[in-house]
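With this note's numbering, the residue at position 213 of the sequence shown is 200, and numbering never jumps.
Reading through the structure tokens given below for one structure.
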Amino acid sequence: MPRMLDVSEDVRAEIGDAEADRLLVGDNAPGSYDCTSCRTPGDSEQERTSTVLFVGDETAVLAFAHATCIPSQVVQVSEEQLQGAVRSITGSEPEGPEGLMPGQAVLGVTSGLVLIDDELHPALVVEPTGAIARPGTDGSGGDEFLQLLLEQGFQPVHRMGRLPALLHGWSILLAMGQLHAVLQPGTGGGAPVAWWQAHAPLQVTEGWRTAASKSRTVLVFAAPAGSIGQQPREDLLRDALEKAASGGLLVAAAMPLAGT
């Protein structure tokens, strides 16, 4: 049975037309899978699914994700990092006593509207596929995703009833109604650089665009891997955010909208 797969041009170039076509007609593609972004179940026969190719120095691993989590893309990793990505995909335990050298995580970004003070605000929810280590470390310090964001100016969220503070120097790049990137200040006061960039522009709903155009501000919530997951409805997304906040696993910032 044909699958509802998205195979980007970059992925097709890596795996070849023949393999890409086999995937699209249902050969060599799973029906059900665990999303490599949010780690919740997916079904390529029932919902749009992205093919994500992790490419190492000598080997490559094809994974699958909800198209609403991340677009189809090629993720370049070292051979050592690829083993961590494989462990993240398969859910197996890392080798070694402490599981050092975590795999390179991919940031999953979901858009939605969040109700605060009786007003709908455009929001992005960022959740990595795995633990984030501090750059230059071996990962033995555990997941430092939230701590790294706190050091960048994000604030802890204890309840969802208050608007997060504006984070100066950061912005959300929207072009022709599609989400392109989250920008952070460049080093030494240079031009902004992408903290997260969509491999292909992400579609947002008309309601999200309208709210963003009105407020010119987007709320960005971030939580460690496994805290939010892929939620099919905005009320369920809100519930997941509330739960993460109550558990001390949520940070947030407001960012100005760049573009239209």
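No residue lacks a Cβ here, since even glycine has one placed at the ideal position from N, Cα and C.
Residue environment for Ala209: buried (at least 16 other C-beta atoms within 10 angstroms of its C-beta). With contacts defined as CB atoms closer than 8 Å, Ser214 and Leu236 qualify as a contacting pair. For Ile215, no alpha helix (DSSP H) run applies, since DSSP gives it neither H nor E. With a minimum length of 4 residues, the unbroken runs of alpha helix (DSSP H) contained wholly in the stretch -6 to 34 fall at -4 to 2 and 4 to 11.
If you draw a straight line from the Cα of Ala245 to the Cα of Pro188, it comes to about 14 Å. Under DSSP, the beta-bridge partners assigned to Gly95 are Glu114.
Between Leu161 and His167, the C-beta gap is smaller than 8 Å, which places the two residues in contact.
Around the CB of Ala241, 16 or more other CB atoms lie within 10 Å, so the residue is classed as buried. Burial is judged here by how many other beta carbons sit within 10 angstroms of a residue's own beta carbon; Thr36 has at least 16 and is buried. In the same chain as Val(-6), and ignoring 5 residues on each side of it, the C-beta atoms closer than 7 Å to its own belong to Ala7, Leu10, Leu11, Thr38 and Ser59, in chain order. Gln217 and Glu114 have their alpha carbons spaced roughly 10 Å apart. Fewer than three pairs of CB atoms, one per stretch, sit closer than 8 Å, so the stretch 19 to 34 makes no contact with the stretch -5 to 4.
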